[in-house]
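Mapping of the sequence shown onto UniProt numbering: position 69 corresponds to residue 69, and the numbering continues sequentially without gaps.
For each residue, glycine too, the CB sits at the ideal point set by N, CA and C.
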Amino acid sequence: MITKVFPIISGYGAKTICSNIFLCGRLPNDIIQKELGAFPLNLGRYTIDKQEKSVTGTVRGMAKRKAIYREGLGATLMIGVNEQELIEQASTIEPRPVINSSSENWANGISSKTTVNAGINTKQLNAALDEAFDDAEGERGTRAVVVLYEGEIIAERYANGFSRQSKLAGWSMAKSITSALIGILVKQNKLQIDAPAPIKEWKNDERRNITIANLLQMSSGLNWWEYYAAPSDATNMLYREKEMGRFALHKKLQHPPGSKFYYSSGSTNILSYIIRQVVGEANYYRFPYEQLFHKIGMNDTVLEVDAGGTFAASSYCFATALDWAKFGLLYLQDGVWNGERILPVGWVNFTTTPTTAKTTKKEGSYGAQWWLNKATIHAPKKYPLVPDDCFRCQGYEGQYVWVIPSEKLVVVRLALEKGNELDPNTFLPAVISACKDPK
Numbered sequence: 001m002i003t004k005v006f007p008i009i010s011g012y013g014a015k016t017i018c019s020n021i022f023l024c025g026r027l028p029n030d031i032i033q034k035e036l037g038a039f040p041l042n043l044g045r046y047t048i049d050k051q052e053k054s055v056t057g058t059v060r061g062m063a064k065r066k067a068i069y070r071e072g073l074g075a076t077l078m079i080g081v082n083e084q085e086l087i088e089q090a091s092t093i094e095p096r097p098v099i100n101s102s103s104e105n106w107a108n109g110i111s112s113k114t115t116v117n118a119g120i121n122t123k124q125l126n127a128a129l130d131e132a133f134d135d136a137e138g139e140r141g142t143r144a145v146v147v148l149y150e151g152e153i154i155a156e157r158y159a160n161g162f163s164r165q166s167k168l169a170g171w172s173m174a175k176s177i178t179s180a181l182i183g184i185l186v187k188q189n190k191l192q193i194d195a196p197a198p199i200k201e202w203k204n205d206e207r208r209n210i211t212i213a214n215l216l217q218m219s220s221g222l223n224w225w226e227y228y229a230a231p232s233d234a235t236n237m238l239y240r241e242k243e244m245g246r247f248a249l250h251k252k253l254q255h256p257p258g259s260k261f262y263y264s265s266g267s268t269n270i271l272s273y274i275i276r277q278v279v280g281e282a283n284y285y286r287f288p289y290e291q292l293f294h295k296i297g298m299n300d301t302v303l304e305v306d307a308g309g310t311f312a313a314s315s316y317c318f319a320t321a322l323d324w325a326k327f328g329l330l331y332l333q334d335g336v337w338n339g340e341r342i343l344p345v346g347w348v349n350f351t352t353t354p355t356t357a358k359t360t361k362k363e364g365s366y367g368a369q370w371w372l373n374k375a376t377i378h379a380p381k382k383y384p385l386v387p388d389d390c391f392r393c394q395g396y397e398g399q400y401v402w403v404i405p406s407e408k409l410v411v412v413r414l415a416l417e418k419g420n421e422l423d424p425n426t427f428l429p430a431v432i433s434a435c436k437d438p439k
């Protein structure tokens with residue numbers, strides 16, 4: 001067991017430090033203390049090479065793992081490749097367009113200055129944010145909250161050491177971005193959601209019946225174990241495999257496609273693998289930026305890649321809280337931005353329609369790489385005090401983007417939750433009430 005756990009600890013630590021230093025601009029000691037301070041992550045020991053922009057981790061002198069930062073690609077664990085290969089890989093990638101974030105408007109042509117709507121109960125709203133940030137144990141770990149009402153910022157707050165310029169880990173919120181990228185390819189007539197997934201390894205067995213929709217809705221039927229506190233399919237994929245999507249697509253079928261929901265980071269990385277095949281190498285690295293991020297002003301967002309050069313679309317996306325708010329606003333506006341349709345007609349409706357695959361009461365309902373608040377025959381509402389039409393991106397350690405169309409709200413919360421978790425069933429109703437009860 002030790003030989004399986006140690007490489008995950010050293011890999012997780014090296015990758016985390018590398019991303020947060022060279023992409024996010026944080027201090028090493030702060031990262032080691034906060035992100036890696038608890039057992040067993042605190043078993044790792046790390047060497048940082050600022051000139052090379054790399055971090056090497058070990059556990060008790062064993063399980064050496066090295067992560068390298070490359071501009072535009074983020075931090076990548078060096079698995080199954082050598083340093084020179086990663087450097088050459090980066091040199092062949094056409095650079096993305098450079099956007100000056102400070103010069104772009106917040107959204108839809110309105111000023112980037114915070115706008116306080118006259119109909120907002122600011123005292124009540126501030127009290128809700130106080131609850132999000134303050135806890136006696138210091139375990140809630142909220143780092144950023146942004147609230148949009150009718151497309152305008154009505155609240156924005158950051159913990160000490162963080163600001164609106166801070167890029168923060170979104171973890172599994174990256175899955176919702178992957179869904180948007182699939183939607184864009186559907187709009188371009190390059191994919192059909194009800195067609196079999198275009199994976200040649202599946203052509204000659206029963207996996208050939210797995211559709212894009214099955215992958216989006218986490219009902220592929222592939223054998224998978226999603227667990228983070230021990231070696232599992234998910235942690236092995238993220239910290240021991242060169243090509244995440246290819247690792248996942250070789251899993252055997254356990255259930256008929258579409259019959260059972262099972263949350264799987266592997267399914268998302270299979271979708272990322274498909275995106276690369278469909279878009280092609282010439283445009284692949286520009287695709288999410290030109291077709292999504294830069295169109296809606298998400299100019300401080302970076303998708304990181306695995307050692308094979310494919311976006312690690314299940315987990316590795318860093319963005320500012322404002323960028324996440326823009327992403328939520330795109331969905332609040334039914335996929336339209338400044339009059340331009342980014343997502344195909346009906347995509348948001350498809351995304352927010354619960355899968356018919358069987359889920360559990362604990363999990364709640366799920367759409368297409370977004371969590372939902374709608375009750376289904378399998379599960380009640382996740383948040384009883386929050387409107388049915390609420391849907392959310394959700395990531396490890398307390399990352400959320402909630403979209404509530406009936407209340408014209410987008411709420412972003414980024415954190416490093418280690419306990420005493422924020423309760424959305426009290427936090428969101430407080431925010432909603434503040435928008436209805438002016439003082």
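- Here DSSP, grouped into helix, strand and coil, assigns Val278 to helix.
- Residues of the same chain with a CB within less than 8 Å of the CB of Tyr228, apart from the 5 flanking positions on each side, are Ala234, Thr235 and Tyr396 in chain order.
- Here the alpha carbons of Thr56 and Ile210 stand approximately 39 Å from one another.
- Exclusion of the five residues before and after Thr351 leaves Ser179, Gly367, Ala368 and Trp370 as the residues of its chain whose Cβ lies within less than 7 Å of its Cβ.
- Nearest C-alpha to Lys53 among Ile31, Arg45, Ala14 and Ala38: Ala14.
- Pairwise C-beta distances place the region 313-333 in contact with the region 409-418, as three or more of them are shorter than 8 Å.
- In this structure, Glu290 sits away from Tyr263, with a CB-CB distance that is not shorter than 9 Å.
- Nearest Cα to Ala415 within the set Tyr316, Glu35 and Thr426: Glu35.
- Taking all protein chains in view, the Cβ of Pro380 is surrounded by fewer than 16 other Cβ atoms within 10 Å, so the residue is classified as exposed.
- The straight-line gap separating the alpha-carbon atoms of Thr356 and Ser259 is approximately 8 Å.
- In the three-state reduction of the DSSP assignment, Val146 falls in the strand class.
- Listed as beta-bridge partners of Glu241 by DSSP are no residues whatsoever.
- Distance from the CA atom of Ile274 to the CA atom of Ile177, rounded to whole angstroms, is 14 Å.
- For the pair Val147 and Thr76, the Cα-to-Cα distance works out to about 32 Å.
- Remark: fewer than three beta-carbon pairs, one from each stretch, lie closer than 8 Å, so the region 242-257 and the region 385-403 are not flagged as touching.
- If you ignore the 5 residues before and after Glu421, its C-beta comes within less than 8 Å of the C-beta of Arg140 and Gly398, all in its own chain and listed in chain order.
- Taking a 10 Å sphere around the C-beta of Phe327, we find 16 or more other C-beta atoms and assign the residue as buried.
- Assignment of Arg246 by DSSP, reduced to helix, strand and coil, places it in the helix class.
- Taking a cut-off of 8 Å for Cβ pairs, the region 425-437 and the region 124-136 touch, as three or more such pairs fall below it.
- Pairing Asn269 with Thr301 gives a Cβ-Cβ distance that is not under 9 Å.
- The beta-bridge partner set that DSSP reports for Lys358 consists of Lys260.
- Gly13 sits in a helix when the DSSP states are folded into three classes.
- In this structure, the CA atom of Phe261 is about 28 Å from the CA atom of Gln188.
- Boundaries of the alpha helix (DSSP H) harbouring Phe133: Thr122 to Phe133, taken from the DSSP string.
- Out of Val5, Thr3, Gly11 and Phe6, the CA that lies nearest to the CA of Leu238 is found in Gly11.
- Leaving aside the five residues that flank Leu215 on each side, the residues in its chain whose CB is nearer than 7 Å to its CB run, in chain order, Ala197, Ser267, Ile270 and Leu271.
- About 13 Å separates the beta carbon of Cys393 from that of Asn373, a gap too long to meet the 8 Å contact definition.
- When Cβ pairs closer than 8 Å are counted between the two stretches, the region 81-96 is seen not to touch the region 17-37, the count staying below three.
- In this structure, Leu73 sits away from Phe318, with a CB-CB distance that is not shorter than 9 Å.
- Contact between Ala174 and Ile193 fails: their C-beta atoms lie close to 19 Å from each other, not under 8 Å.
- Annotated three-state conformation of Tyr284 is coil, per DSSP.
- The bridge partners DSSP lists for Leu414 are Ala144.
- In the DSSP annotation of this structure, Asp49 is not part of any alpha helix (DSSP H); the continuous beta strand (DSSP E) holding it starts and ends at Gly44 to Asp49.
- In the three-state scheme derived from DSSP, where H, G and I count as helix and E and B as strand, Ser179 is classed as helix.
- The straight-line gap separating the alpha-carbon atoms of Thr360 and His378 is approximately 6 Å.
- For Ala63, no alpha helix (DSSP H) segment is defined; the enclosing uninterrupted segment is the beta strand (DSSP E) at Met62 to Arg70.
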